[in-house]
Structure formats: C-alpha cells, structure tokens
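Residue numbers (this note's numbering), protein chains in the order written: chain S, 1 to 326; chain U, 1001 to 1327; chain R, 2001 to 2320. Glycine included, every Cβ here is placed at the ideal spot set by N, Cα and C. In this text, all values refer to a predicted model and were calculated from it rather than measured experimentally.
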Amino acid sequence: MLAFTLRRLLQAIGVMLAVGVIAFAMFRFAGDPVNQMVSIDTSAAQRAEIRHSLGLDDPVLVQFGRYFINALQFKFGVSYQFRLPVSSLLAERLPATLELAICATVLAMVAGILMGVYSALRRDTILARLFQAISLIGISLPTFLIGILLIYLFAVTLGWLPSFGRGEVVKLGWWSTGLLTVSGWKAIIMPAITLGLFQMTLIMRLVRAEMLEVLRTDYIRFARARGLTTRAIHFGHALKNTLVPVITVAGLQFGSVIAFSIITETVFQWPGMGLLFVQAVQNVDIPIMAAYLLMVSLIFVTINLVVDILYTVVDPRLRSTVSRAT
Amino acid sequence: MTQPVLSVRNLEVEFVTRRATLRAINGVSFDIAKGEVLGVVGESGAGKSVTGLAVIGLIDPPGRIAAGEIELSGTRIDHLPLEEIRRVRGKRIGMIFQDPLTSLNPLYRIGDQIIETIRTHTSLSESAARRRAIDLLAEVGIPAPEKRIDGYPHEFSGGMRQRVVIALAICAEPELIIADEPTTALDVSVQAQIIALIKRLGRDHGTAVMLVTHDMGVIAETCDRVAVMYSGRIAEIGPVQEVVRNPLHPYARGLMGAIPTLAGEDKRLVQIPGSMPRLSAIPPGCPFNPRCAFAFDRCRVERPEPIRQGTQSVACHLFEPAKETAA
Amino acid sequence: MSDAVVPHRSEDHPQAPAGWFKRALDSDIFYSFRRSRLTMVAAVITLLFFLLAIFASWLAVQNPFDPAQLQLINSRIAPLWTADGQSPFLLGTDEQGRDVLSAILFGLRISLAVGVAGVVFAGALGIALGLVAGYFGGAVDSVIMRIADVQLTFPAILIALLVNGVAKSLLGNRLDEMSTLGVLIIAIGLSFWVQYARTVRGSVMVEKNKDYVAAAQLIGLPAPKILLRHVLPNTMGPILVIATINLALAIITEATLSFLGAGMPDTMPSLGTLIRIGNNYLFAGEWWIVAFPGIALAGLILSINLLGDWLRDALNPKLR
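See the structure below:
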C-alpha cells in the first residue's frame, strides 16, 4: 500500500514537472516579458539591461530552475494587464471558483446517481425515457447556451435570480464565501446548475450503463438464484458495484468542473479563476495563463492521486493486489 | 409411489428474437425423487442449462416458459408471482452455477453473503446466522471457517469458492439443488472433490439433485438416473447403469461410445458425425435424424414421443411397439 | 450461460439476398436505423445543416462578412413575423444591420468547416500515433500513451484555450481571420486525438501477435503493410463512432472558444461568435440576435449526437 502510494506520488510529481516545462515554455518563449514591459522607444541597451536584470540572458536551464523554484513558492510573476502579482490575483479568486465547483459537483452527483439508478432499474418507463432525453440535451447543449437560457428565463423574464456576480460575500480570513448570505445563495443557483448539468448527464449515463452491466453479471444472477429480495439485489449488490467506477469518474470530473467553470464564470461574470483566465487569453496575459495551467494541473493531479488511493480502499481486490505488490 | 420432489411436464421454453421465435426446450418431462441425483447430459446448446433456469424461474426476457408445468413437492412453481418465486429460490431450491470465480460478489465478504442469504430465508438473528454460516463453511470443507468467513472472494481458490457457492446454495436446507456444470470451470483434481461433496450433501440431507453436465464420467459416478438431452428434448432417460451400459437411443449410444474406458484398450472411440442443429434450423421430425445411422422415412416427418422400454424411456421411432424393429 | 441458446443476432439470416445493396438493406444496422424514427429525423436534419452550409452563398440575402453590404439603417430589426419585421430579414438583424439568417448560414459553414477539419486532423494524428505506439511498443509506446493519459485528464476546452492563447501571443497582429480558422482547427485537433490513438493502439496490440501477421511476415510481407491493411479496417467501426461524437464535441468547442472571445472574430463570425454578440442584447429585449444562432447550434449538435448514439449502439449491441 505504501509503495503503491509512493509510486503514484512519483508519477504525479512527474506529470507536474512536465506541465511545469510547458508552463515555463509558454512563459518564456510565447510571451517575451521584456516586450510587455518596455515602450517602442526603449533603446536596445536598456532592453538588454532589463533582460539581464530579469535573468533572461541566463542559460535556459537556469531560468527553468528559477521559474520552478519560484513556482514552488507560488510566485508566478506579474500580470501584464493588472501589474499585480499573479499569485495574489489567483488566491483572491480561488474561493469563488471552488465554491462554485463544489456546489455543482454535489448537485451533479446526487441528481446524476438518482436518475441513473432509476433509469437502469425502470428502463422502459416514461420517466426513464425523459431522463434519457434530458441527458441527451444536457450533452448536446453547450454550457454557455444553457447559461444564457437560464439567465433569460430567471433573470430577464422572471427577475427571480441575479444574472451576474456572487452576491454578498463574507470574509473568513483570506477566504471569501458567498454561502453565508441569502444573496450569495441566490447568486450561485444558476451558475451551479449550468456548471453541473454536463457532469450530471455524464454521471447519469455512466451509472445507468454500469448498473445495467452489473445486473447482467453472474453474481447478480446467483444473488437472484439465492432468493434475495429485489431491493437487496439492486441497492445492496448492484449499486455498490456500480458506484466503484462512478466514484472514480466523478472524482476525476471534479478537475474538469474547475476547468469548465471557465465558461460558466464568463457567462455569469462570476469573479473566479476561470474568468481571470479567459480575460488573460483574450489579452494575451501569459503569466496568468501559465500560472492557471499550473494551478489547475496541481488540482487535477492531486485529485487523481486521491481518487486512486480511495479506489483501493473501496475495492478489496485492488487492496490485496496492491499490498501483495509491496 | 411417493410424490417426487420435482416434477416437470411438457416444458417448453421459447426465446423471441426479431427474426424468429426459437424453441430452446420442446416438451421436456422428468421427475426427481427425494434424495435422488438426476444427471442431465447433452452437448452445448441441448437445453440442459435452460431447463435448470426454467425450474428456478430465472428465464429472463426475451425468453419465456411457453407451456408445461413445473411442480415442486406437489405445488406448481412456474408462473408464480415474482415475490413468491423469490421465496422459493434459495429456500426450497438451491442453485450452483458453473463459474465460481464470477458467482460471488467481489465487494462483499463471503460471510456477509452467506449471512444475508440465511437471514433472507429464516428468522435467525445476525449472530445466529453467523454461527450457522461458520457451520456451513465447515460442512462444505472450508478449513478454519471462523477465520475464512471474513475473507473476500478473491482470497479463495476456484475450488474453495465453489465450496462457498455450495454453502450458499444449501444454507436454507432446500429440497432441491440444481447444479449447472458445477465442475466445468475447475481443475480436474478439484472436480472429484466437489462432485463428492454435492453427492454427500444430497445423501445427508435427503436433498434431490439435478446435476447438469456434459461429463459422462461425472454422471456415471454420481447419478442415480440420467436424462440425455438433444436439441431441447429428452432423447433418453433411465437409471444410470442401464443408460450407460445399454443405451437405446442412437444418440445416447453415440454419446456412450465416445467415453474412453480403461478396459476397452484397442476399441476406437465412436464419433457422432455432424453437429447438433442450431435452434433456428431444427429439422422436422426427429431432430437427430440427419446424423442418425438408423434414420428412416418416418424419422424425417414425425416427431418421436417417449416410449417406455423397461426402466428406460426413449424418444425414438425404432422402439415403436408395433411393427418397426431395429434395422 | 454455458449453453448458447440465443443465437448470435446476425447469424440467422433466413436466406441472404444476393448483392451488396440488398445485403445492406437486410443488415442489422439498417434495421435499427429504420426502426428508430428519431435517428432518421436526426440524419435528415444533419444532412440539411450540411446542405445549408454548403449552399449558404446562394441562400443568404447578403454576405454577412462583407461590411459593404451591411447598412446601419437596417440595424436591430425584429423578425419578419413580429410587428416591427421588415423584408427580407426573416429572422431580423443585429446591431450592425447584419441579417441574422444570413449570418447563421455563413456561421454554420464556419462551425462545420472547423468541426470537420478539426475531427479529421485529430483523427489523422490519433490514428498515426496509435499505429506507431502499438506497432513499436516499448519506450515509444509508453511516451505516447503517457502523454495521452495526462492529456485525457485535461478538458479539451482548456487545451484549446491554451493553444489559442499561445498562438495569439506568437502571431500577434498577423492573426487574421483565415489564420484564426487554422489555429482553431489545430487547437481542436490537438485536444481530441487521444481517443483515436487509444483505440487504434489497442487493436494493433491485439492483431500484432496473431498468427496471420507472423505468417505474412514469414512469406516476406512487411508488417506495417499488414497492419495497415488488416488492422485499420477492423477499427473503422469504433473510429467512426468516435469521429461522429467528436464532431459534435469539436463544434461545441469551437463555439465555446468563439463565445469566450478566443475564437472567430466579429468580422467573420461562427455560430459561437454570433451568440456572444447576441448575448449583449438579451437584456435590451432583442432576443432574436442570440436565440436563432443558439437554436441552430443546439439543433446541429443534438442531431449529430443522436446519430452518434445510434451508430454506437448499432455497431456494438452489447452496450445497449
């Protein structure tokens, strides 16, 4: 178990290193920091001086090492647009994105599993067909269209919910939360639905497919031959076996939720990291892009690691092969 | 004569596909008495497994029982409401499937699976059920059952898992055990032990056993009576010594001729030419007629009904009491 | 079940009629196609969208990309059937006096072009890398598949946005409409190659060790040729399914990039750009500028997804 965790940890560090190289390459070669800092009439000598003061004339490996060490301390340079340290910009916006992503994921998990189980067990009912239709629409409608539709319905036409922003936020240390105020809750409803809908359909389809697959297995047939009640078979045996892969996917999806929040945050002008990133892409603010890539990768890799380890806890077969490997 | 534990009459099972309705079982009748072991043999696709599944009510759509009656100790169990047939399964009929590796839920401890089954069918408390589960594991020959009860299926070998499966099948003391090729997936060395175990349990508890297999050796060694199936019908049924020593149906003769014996040194093994027809292409008349060396005109037109021949019963026109005799 | 009672679905043709066409008509795929009315509708709508895109120049009342044809006097006209409607603007106009219907037709053309080209690019890249990884194995294989694993955890939209941002930064002002189109295709291609590579690699690995490959090598046929001729055709079914579903995803990705302002510019709008522009007028009550491009986009993606779903089920009955 320990060796397994260590091996996974090493892999994760490897991935982060690779992403770090990409981020550095973007930072160093895609956007020349000097050009962003000087005006047209700066002399070549002055440019060279700035270049030297920034260490841009050092060997590439040295520069990478420096970038790497800075990144470890969450120093990602200065944003071209805002003239502020990227790390403080990101830190300021992290709570908004995480709160949105967590609400969306919880929503997607609960609704997706319920709908998936129902449509696997009652395949031919009208409700199951309705769920299938919803899932197809959820996959087919681009996120931003769903957001626009919701805004038009609930903000423009009915005027029930705010169309943008987080509402009132409360500061808890450096963390700002919108979940302690009524306006904050009202503000998060539509973004969370918009962001969660795609994951929900994904989870629902996965649960349905897995459950149907599990219901066909020999051990379910044997459970039926043993005369267990339908409820015990469906919700004891089948559901538990279904949820193992679902946990993995849902966990891995949390990373995508954070990345997809780019779109939702743009539609709802949600002041999170995604909105910052989109503005950075539009304005070619490379330090923010590179830092966002690193941050999101870190979150992804951490989640992957946690899910892998959780997986072995849930599935006894893996647990023993893993411990045997040690 | 006492009432048989299981009595099947004119059973027909159909599978409805979009191109045709396929008849997997076509007019099968047999009885199993208390404490008796009935072997069911035949090639793959002869309908052995489907017969077993039909008895326990596990034929799933698109399959269905189209006709016939199944009685368990005098009460009809075909077409019971779902909840009632569920109470029969596991409690009055135990089932053992072919592959012990996939029969157990990998995520549950074997003890939990046994206790769950016991508590479904009895009013035992959790702790009483656990004690019973340990006894059962001991009875099926699992060493150190009080320790192994908390193991997961993947921690057991194939043979041990099949013992667990058997423990699960007998945990509510059923009247009938259906064992569907219980040894096919196991090592040869383990097969004999499992067969011996099933036989012993049947004897000790007076349980009737329906043993589905394609292994004539297992049949000869274990069973009291044997039914030879071909294309969804019983070609021949009778006491095992009679059928093995003196098979009547040409197909049964071929089947018995295909068993290697230690005694018959230089006798060539007999092969039956051709292969069993697919369900979608069963010939009219006797389904065996295209492969039968003795087939005559009537075999190609008329379906033979079972005919009594001493203790055996054979579905072949050759044994028509009147004029026709063996060619 | 040990006794195979249910015969294989396609095995029991009563008597297969002669001829390829008749056989196709009798096939299970065509049967499931005819049985599903929804799929037929989806196929017709998809075809219609492609035709609209191809013949956009003939169908549109103006060329929305040509500023000379746009007149500000015609700006923000409501659809024809409303009180303020004006001919010939069936679906109304936007603030630049651009006919919404014409813009949709031309935007559809861009969305489909980027989608199809992106999928083709991703497919070519993925198939090539999959063949290489599966055939050579070893270090090459593990490097390619490692990259695939890592990339798979990153959503396509993030990769496409990054590629787009980097391209913007490298090209600067030289980035005109046509090169934006190219950047989008590359960005989408680079985001979607993994699935093809995995599928192809998997079948190469399986086929590579089969006897016929060894036999063919024995009589002197080069192995790559064997693999191309025998392995690729076998994977065409799954690849077609992936491509269909990816076409929908690629169109969504392009529309999303354009919506986020990282895709097609206002001067040459795709459906996503039109929705971004229209979104600004939603609060002013000019719903038609965003609604019709949105409906077109949703309809297009839904039809393609329905086709993809059906194709997947028809080619792989086990999944049902």
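Looking at C-alpha atoms only, which residue of Leu-1006/U, Val-1055/U, Phe-1097/U, Pro-1100/U is the closest neighbour of His-1079/U?
-> For the purposes of this step, residue 1079/U is taken as the residue at position 79 of the second sequence. It is Val-1055/U.
Taking 8 Å as the threshold, find out whether the segment 2077–2084 of chain R comes into contact with the segment 2116–2127 of chain R through three or more Cβ pairs.
-> no
What do you get for Val-1008/U, buried or exposed, if any count of 16 or more other CB atoms within 10 angstroms of its CB means buried?
-> Your numbering for residue 1008/U matches position 8 in the second sequence. Val-1008/U is classed as buried because its beta carbon has at least 16 other beta carbons within 10 Å across all chains shown.
Runs of alpha helix (DSSP H) lying entirely within the segment 49–129 of chain S, each at least 4 residues, in chain order | 60–72, 86–121
Hey, is Ala-238/S's beta-carbon within less than 8 Å of any beta-carbon in chain R?
-> Counting from 1 along the first sequence, the entry for residue 238/S is found at position 238. By this cut-off, Ala-238/S is not an interface position.
If we ignore side chains and look at the alpha-carbon of each, how far apart do Ala-26/S and Ile-286/S end up?
-> Counting from one through the first sequence, the residue named residue 26/S turns up at place 26. Counting from one through the first sequence, the residue named residue 286/S turns up at place 286. Before going further, note that residue 26/S is Met rather than Ala in the sequence given. Cα to Cα, the separation comes out at about 7 Å.
Where does Asp-2003/R sit, in a helix, a strand or coil, going by DSSP?
-> On the third sequence, residue 2003/R is found 3 positions in, with the first residue counted as 1. Because the pLDDT of Asp-2003/R is 41, which lies under 50, any placement of that residue in the model is unreliable, and the number read from its coordinates should be weighed accordingly. Assignment of Asp-2003/R by DSSP, reduced to helix, strand and coil, places it in the coil class.
If I'm right that Met-1256/U touches Pro-1247/U with Cβ under 8 Å, what's the distance once you round it to whole angstroms?
-> As a position in the second sequence, residue 1256/U is number 256, starting the count at 1. As a position in the second sequence, residue 1247/U is number 247, starting the count at 1. Taking a contact as a CB-CB distance under 8 Å, the pair Met-1256/U and Pro-1247/U counts as one, their CB atoms being some 5 Å apart.
Under the rule that 16 or more other beta-carbon atoms within 10 Å means buried, what is Val-19/S, buried or exposed?
-> For the purposes of this step, residue 19/S is taken as residue 19 along the first sequence, with counting starting at 1. When all chains shown are included, Val-19/S counts as buried.
Can you find a CB in chain U that lies within less than 8 Å of the CB of Asn-283/S?
-> Indexing the first sequence from 1 puts residue 283/S at position 283. Closer than 8 Å: no.
Segments of 4+ residues assigned as alpha helix (DSSP H) that fall wholly inside the segment 206–260 of chain S = The segment 206–260 of chain S contains, as complete alpha helix (DSSP H) runs of 4+ residues, the segments 218–225 (chain order).
According to a CB-to-CB cut-off of less than 9 Å, which residues of the segment 210–229 of chain S neighbour chain U?
-> Thr-217, Asp-218, Tyr-219, Ile-220, Arg-221, Phe-222, Ala-223, Arg-224, Ala-225, Arg-226, Gly-227, Leu-228, Thr-229
Who are the near neighbours of Ile-220/S in its chain, counting only those whose CB is closer than 8 Å to its CB and skipping five residues on each side?
-> Here residue 220/S corresponds to residue number 220 of the first sequence, with the count starting at 1. Closer than 8 Å at the Cβ level, and outside the excluded window around Ile-220/S, lie Val-214, Ile-233, His-237, Ala-238.
Interface flag, Pro-142/S vs chain R, CB-CB below 8 Å | What you label residue 142/S is simply residue 142 of the first sequence in a count that begins at 1. Yes, contact with chain R.
Please check if any C-beta of chain S sits within less than 8 Å of the C-beta of Thr-2267/R.
-> Here residue 2267/R refers to the residue found at position 267 of the third sequence. Under the Cβ criterion of 8 Å, Thr-2267/R is not counted among the residues facing chain S.
If you pair each beta-carbon of the segment 149–164 of chain S with each one of the segment 179–194 of chain S, do three or more pairs fall below 8 Å?
-> yes
Counted within 10 angstroms of its Cβ, other Cβ atoms place Leu-2359/R as buried (16 or more) or exposed = Look at the range of chain R in this structure, 2001 to 2320, and you will see that residue 2359/R is not part of it.
Since Gly-1063/U sits in a beta bridge, which residues does DSSP pair it with?
-> In the second sequence, the residue the question calls residue 1063/U occupies position 63. Looking at the DSSP assignment, Gly-1063/U forms a beta bridge with Phe-1015/U.
Any beta strand (DSSP E) of 3 or more consecutive residues that is wholly inside the segment 1140–1181 of chain U | 1176–1180
So Asp-1112/U is in the alpha helix (DSSP H); what residue range does that whole segment cover?
-> Within the second sequence, the letter at position 112 stands for residue 1112/U. Note, Asp-1112/U: alpha helix (DSSP H), 1110–1121.
Beta-carbon proximity list for Ile-2248/R, same chain, < 6 Å, skipping 5 on both sides | Position 248 of the third sequence, counted from the start, is the residue given in the question as residue 2248/R. Checking the displayed sequence, the identity of residue 2248/R turns out to be Ala instead of Ile. The residues are Ile-2301, Ile-2304, Asn-2305.
At which residues does the beta strand (DSSP E) containing Leu-1038/U begin and terminate?
-> Numbered from its first residue, the second sequence carries residue 1038/U at position 38. That run of the beta strand (DSSP E) goes 1037–1041.
Taking just the CA atoms, how far does Ala-104/S sit from Val-246/S?
-> Taking the first sequence and counting its residues from 1, one reaches residue 246/S at position 246. Taking the first sequence and counting its residues from 1, one reaches residue 104/S at position 104. Approximately 16 Å, taken between the alpha carbons.
Evaluate contact between the segment 1159–1175 of chain U and the segment 1101–1116 of chain U, counting only Cβ atoms and requiring at least three cross-stretch pairs below 8 Å.
-> yes
Can the beta-carbon of Val-1050/U be found closer than 8 Å to that of Ile-1032/U?
-> For the purposes of this step, residue 1050/U is taken as the residue at position 50 of the second sequence. For the purposes of this step, residue 1032/U is taken as the residue at position 32 of the second sequence. Contact flag unset, no.
Buried or exposed: where does His-1214/U fall if 16 or more other Cβ atoms within 10 Å of its Cβ makes it buried?
-> Position 214 of the second sequence, counting from 1, holds the residue named residue 1214/U. So His-1214/U ends up on the buried side.
Can you check DSSP and say which residues form a bridge with Ile-1032/U?
-> As a first step, residue 1032/U must be located in the second sequence, where it is residue number 32. DSSP, once it has assigned bridges, lists Leu-1006/U as partnering Ile-1032/U.
Using a Cβ-Cβ cut-off of 6 Å (strictly less than) and excluding sequence neighbours within five positions of Val-306/S, which residues of its own chain qualify?
-> If you number the first sequence from 1, residue 306/S lands on position 306. For Val-306/S, where only same-chain residues beyond five positions count, there are no Cβ hits under 6 Å.
Supposed close pair Ser-1313/U, Pro-1304/U - CB separation, criterion 8 Å = By one-based count along the second sequence, residue 1313/U stands at place 313. By one-based count along the second sequence, residue 1304/U stands at place 304. Actually they are not in contact, since the Cβ atoms of Ser-1313/U and Pro-1304/U sit about 11 Å apart, beyond 8 Å.
Ordered along the chain, which non-local residues of its own chain (more than five positions away) have a Cβ less than 6 Å from that of Asp-1099/U?
-> As a position in the second sequence, residue 1099/U is number 99, starting the count at 1. Closer than 6 Å at Cβ, skipping near neighbours: Ala-1185.
Three-way DSSP call (helix, strand, coil) for Gln-2142/R in this model | Residue mapping note: residue 2142/R aligns to position 142 of the third sequence, counting from 1. It is worth fixing the name first, because residue 2142/R is Ser in this sequence and not Gln. Looking at Ser-2142/R - three-state DSSP - the assignment turns out to be helix.
Please list the partners that Ala-259/S has in chain R, where partner means a Cβ-to-Cβ separation under 8 Å.
-> The residue labelled residue 259/S in the question sits at position 259 within the first sequence. Here the neighbours are Phe-2154, Pro-2155, Ile-2157, Leu-2158.
Nonlocal neighbours in the same chain, by C-beta distance under 7 Å from Pro-2224/R, ignoring five residues either side | If you number the third sequence from 1, residue 2224/R lands on position 224. For Pro-2224/R, where only same-chain residues beyond five positions count, the Cβ hits under 7 Å are Tyr-2135.
Beta-carbon neighbours of Met-200/S, restricted to chain R and to distances below 7 Å = On the first sequence, residue 200/S is found 200 positions in, with the first residue counted as 1. Result: empty, since nearest Cβ-Cβ is about 16 Å, beyond 7 Å.
Return the CA-CA distance between Leu-10/S and Val-2150/R, expressed in angstroms with no decimal places.
-> One-based indexing of the first sequence puts residue 10/S at position 10. One-based indexing of the third sequence puts residue 2150/R at position 150. Using only the alpha carbons, I get a separation of about 14 Å.
How would you list, in chain order, the residues of chain S whose beta-carbon sits under 9 Å from the beta-carbon of Met-1256/U?
-> Along the second sequence, read from residue 1 onward, the residue named residue 1256/U stands at position 256. Residues of chain S passing the Cβ test: none, with the nearest at roughly 31 Å.
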